[in-house]
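Asks: Position 28, counted from 1, in the sequence shown is what this note's numbering calls 28; the numbers after and before it change by one each time, with no gaps.
Cβ coordinates follow ideal geometry from the N, Cα and C atoms, glycine included.
Bear in mind the structure is a predicted one, so any value in this text is a computation, not a measurement.
Please read through the structure below; I'll follow up with questions.
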Amino acid sequence: MNLTPKQRSVIEQVINVFETGSPQGDYGAISTYADGPHDIRQITYGRSQTTEYGNLRELVGLYADASGTFSAELGLYADRVGSTPLTDDPDFKRLLRSAGRDDIVMQRTQDRFFARRYFDPAMKWCNTEGFTQPLSMLIAYDSFIHSGSVLWVIRGMFPEVTPAHGGDEKAWILAYVNARHRWLSNHRREVVRKSHYRTRDLSREVRRNNWDLTQLPIRANGTDVTGVQHVG
C-alpha cells in the first residue's frame, strides 16, 4: 500500500482525535481507566495514548535516553512503569504532562514511538492481507491503537475473508467495521462500550465510499479532520 503524505496525515489525525480530541494530538494528555490487567486502573498517555501496562514503559525509556528536558527525572521511573502502579503518583504524572506539552524531544520521541509500535505494524498487516485502500489502513491502524491488533475474536464474527485469501477488500472492511461496532457496543467494560463512536465514524466513511480519504473533512467524534498540519 502506498500512502501520500496527506493521506497519512489524515489517518494519524483521525486517530489523534479519537484518542485525545485534537487533530494534532495532545502529547501531554493523561487519562486513567480501569482497563488494565484484571480491570485494574492504569494510566494512558500521549499523542495517541499508550498504556501503563502496555507500552508506556518503552516510551518512557526512549525519552529517558533522549536527553530531553525531563529525561533525567522521568528516567528514575523507567524501570517501574508496568511493574509498580503509578496511577496515584502525582510527580510521575506531572512529569509526563510537562514533557509532552513543553519538550519537543518528547514530542518527536512519541512520533517515532507511535509509528514504530502501531502505524508500521498496521501497515504491515494491511500489506500481508492484501489491502490497498487508505481507508482500510485507517481502520486497521485504529484497531492497532485501540486493541493492539485486528482481533481474531472480531474476525470470527463474520464469514468474509481478506483479499490475500481471495476475498473482496471493501466487503471485508464493511463486515469488519460492523462486527467491531457490535463488539465495542456490547463489551463488558463501560469504557470500551463508550468507544463505539470510533466504528460509528469509520462506518460512515465506508458508506461515503471515501476509500482514498480525499473527501474532506472527515468528522471524527465531532471534530473535523482535514490532514492539514499546524506548525507552532
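Considering only the alpha carbon of each residue, which of Arg47, His146 and Asp88 lies closest to Thr32?
Replies: For Thr32, the nearest C-alpha among the options comes from Asp88.
Asks: Tell me, please, whether the stretch 53 to 65 touches the stretch 10 to 30 by the rule of three or more beta-carbon pairs shorter than 8 Å.
Replies: Because the criterion of three Cβ pairs below 8 Å is not met, the stretch 53 to 65 and the stretch 10 to 30 do not touch.
Asks: Between which two residues does the beta strand (DSSP E) harbouring Gln42 extend?
Replies: Run containing Gln42: Gln42 to Tyr45, per the beta strand (DSSP E) assignment.
Asks: Using C-beta distances below 7 Å, list every residue in its chain close to Phe119, excluding the 5 sequence neighbours before and after it, in chain order.
Replies: Within the same chain, Phe119 has close Cβ partners Tyr141.
Asks: Suppose contacts are defined by Cβ-Cβ distances below 9 Å. Is Ile154 in contact with Trp183 by that definition?
Replies: Yes, they are a contact pair.
Asks: Nearest by alpha-carbon distance to Gln110: which of Ala34, Glu12 and Phe158 is it?
Replies: Of the candidates Ala34, Glu12 and Phe158, the one whose C-alpha sits nearest the C-alpha of Gln110 is Glu12.
Asks: Using only CA atoms, which one of Tyr77, Arg188, Tyr63 and Val225 lies nearest to Asp201?
Replies: Ranking Tyr77, Arg188, Tyr63 and Val225 by Cα distance to Asp201 puts Val225 first.
Asks: Which ranges would you report for the beta strand (DSSP E) in the stretch 10 to 85 if only whole runs of at least 3 residues count?
Replies: Here the runs fully enclosed are 30 to 33 and 42 to 45.
Asks: Among the residues of its own chain, which have a CB less than 6 Å from the CB of Lys6, if the five just before and after it don't count?
Replies: For Lys6, where only same-chain residues beyond five positions count, the Cβ hits under 6 Å are Gly227.
Asks: Quick check on the burial criterion: 16 or more other C-beta atoms within 10 angstroms. Buried or exposed for Gly166?
Replies: So Gly166 ends up on the exposed side.
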